[in-house]
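Quick mapping for you: the protein sequence lines, in order, are chains A and B. The opening position of the first sequence corresponds to residue 1 in our numbering, with each subsequent residue numbered one higher. The opening position of the second sequence corresponds to residue 255 in our numbering, with each subsequent residue numbered one higher. For reference, the structure discussed in these notes is given below.
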Amino acid sequence: MNGMIGFRTLLLKEVLRFWKVGFQTVAAPVLTAILYLLIFAHVMSSSSAAFPGVTYEQFLIPGLAMMSMLQNAFANTSSSIIQSKITGNILFILLPPLSHWNFYYAYVLAAMVRALMVGLGVFIVGILMADIPVYSALWIVIFAVLCSALLGALGMIAGLWADKFDQMAAFQNFIIMPLTFLSGVFYSIHSLPPFWQTLSHINPFFYMIDGFRYGFFGKSDVSVWMSFGVTSLAFLCLSAFTLHLLKSGYKLRQ
Amino acid sequence: MHAIDINAVNKRYQNLQALDGVSLTIEEGEFFALLGPNGAGKTTLISTLAGLTRADSGSLRVMGHDVVTDYRQARRAIGIVPQEIVFDPFFSVRETLQFQAGYFGFDRDKKLDSWIDELLTNLSLTDKADKNMRQLSGGMKRRVLVAQALVHRPPVIVLDEPTAGVDVELRQTLWAFVRSLNAKGHTILLTTHYLEEAQQLCTRIAMMKAGKIIAMDTTEHLLNAFSERVLKVRLAAALPIDLVAQRIKEEGAGENTWHHFAIHEYADVERTLAQLRERQIPITKMEVTEPDLEEVFLKVMHK
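What follows is the structure in structure tokens.
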């Protein structure tokens, strides 16, 4: 019971931490996604549709929403942990009797809350700009929840591993950004040469975007079950690794 | 049951033996000082007690709870005021205290709110309660750290150099509050470089050097064993030869010379003064100095 209160408090603190700077953490990513949408939709308006009966603008919006969710889920946990480590206030959560499960759930759930708020923001703006069909709300929710949790866990790993902001920026710019941009947000992988198509299949972010998009159009580059399987497996592996790091006190307890 | 029970604890960082077989017990209700130069291992020992550092061997218990195997109960029983001033810049003082209480399993209710108000009052923070932590001065932030350590009502309180670089007013406020907590039965473990504070406040003292405890006794015994009362006099004439033998130290030169005589009991003062009177040597200045922990510390460290 006491552990439950501790977890709830940590979750509330993590949610308030990003909400108090909501312009930076929620509004700004939504605006960035809108700018992508305006620019790419305009530039690519003449390009052929990725799926039959789906315009480029319609195709782009779910991808942008998912990309924003992934980036913000990662940013939430990673920035919170690295900031706390560097300023030293991580002490406040290391001294109390919080378990590694409390840490994991609180940080990942807070990341999911931020990611889903950003995703919802992008989606709301998207439906004002284009007619977005919803083929399966269940798949949309499953991928939104699962992928934001996955990136929340990955952000925790990065936050625990990094000792300085420079390392964190490298993780974000050299791993997260390329993987999200090269995951088929802006294009269908069927439009790529065979080599790049094959390469895309080893990018787990591709399955996240493709599965999420399936929820809207009922069409995808690979089977939705395959995307679900890859994403679930990645989530389980990363969660297990995060929990192991937290339990061992990696870079937290000497 | 001991409030703190540390048994044969070792901790090594690469080439540095930070803790070398440290054992000590602190009883419930004690006001205990842990002294030592920088790098002696005081903060490592406190970190190990708090679960921030893991000992290589040995055991540590807080109110009977092992800090590793029963860490939840051990951490509930201890409140740590860290040496460094750290804060979360996103929150106000009140929010900071509410979160800290929540981490320890205290739900927000009237009882918690009134305890937070009491802490704020006792640490003169009431008018800062709704200010963001960033707006507070260094001294104020340190007061919040004290409040954070106490918000879950721990029976054992550890203060790691709490008055380093703070003004006189905070020191007085802090010590008055800590004394009142000790009077209510809280066990206090204090590390400080201000030895006069340790001498005034603590009933027992341990001194550490290079990861080892090299002296541990009651404050009174340590003072008596390593320091003494001294009668210091300045005279209008030279000290007679028979009294030179009694003198333990000479300080200064010419008419500014201080002659030091050891005082084991206050009757020794009268005896020395009588001898000077008999020889009709006028005293121009006189002082009696009490045993001094600083002197004890220096002697123990250079033993």
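Every residue, glycine too, gets a C-beta built ideally from N, C-alpha and C.
- Partner residues in the beta bridge of B/Trp512, as assigned by DSSP, are B/Glu505.
- Contact between B/Lys539 and B/His514 does not hold, since the beta-carbon distance rounds to 13 Å and is not under 8 Å.
- Relative to the Cα of A/Leu60, the nearest Cα in the group A/Leu94, A/Asn89, A/Phe123, A/Leu11 belongs to A/Phe123.
- Residues of chain A whose Cβ lies closer than 7 Å to the Cβ of B/Ala304 are, in chain order, Leu95.
- Leaving aside the five residues that flank B/Leu413 on each side, the residues in its chain whose CB is nearer than 6 Å to its CB run, in chain order, Val335, Leu444.
- Interface residue (Cβ-Cβ distance to chain A less than 8 Å): B/Glu415 is not classified as such.
- In the assembly as shown, A/Cys237 is an exposed residue. Its beta-carbon has fewer than 16 other beta-carbons within 10 Å.
- At a cut-off of 8 Å, the C-beta of A/Leu245 has no neighbouring C-beta in chain B.
- Between B/Val432 and B/Lys385, the C-beta gap is not smaller than 8 Å, which leaves the two residues out of contact.
- Nearest Cα to B/Leu493 within the set B/His440, B/Glu509, B/Thr446: B/Glu509.
- Interface criterion not met: the Cβ of B/Ile442 is under 8 Å from no Cβ in chain A.
- The C-beta of A/Thr25 has 16 or more other C-beta atoms within 10 Å across all chains shown, which makes the residue buried.
- Per the C-alpha coordinates, the member of A/Lys85, A/Ile81, A/Thr198 positioned closest to A/Gly155 is A/Ile81.
- Between B/Ala490 and B/Ile502, the C-beta spacing is not below 8 Å.
- Between the beta-carbon of A/Tyr36 and that of A/Leu64 there is about 6 Å, and that keeps the pair under the 8 Å contact cut.
- For B/Gln271, the uninterrupted beta strand (DSSP E) run begins and ends at 270 to 280, by DSSP.
- Taking CB atoms only, A/Leu91 has a neighbour in chain B less than 8 Å away.
- By the C-beta criterion, the region 538 to 556 of chain B is judged to be in contact with the region 439 to 453 of chain B, since at least 3 inter-stretch pairs fall below 8 Å.
- B/His319 is bridged by DSSP to B/Val316.
- When DSSP states are grouped into helix, strand and coil, B/Phe360 belongs to the coil group.
- At the C-beta level, B/Lys463 and B/Met555 come within 8 Å of one another.
- Interface annotation, B/Pro336: in contact with chain A, CB-CB separation under 8 Å.
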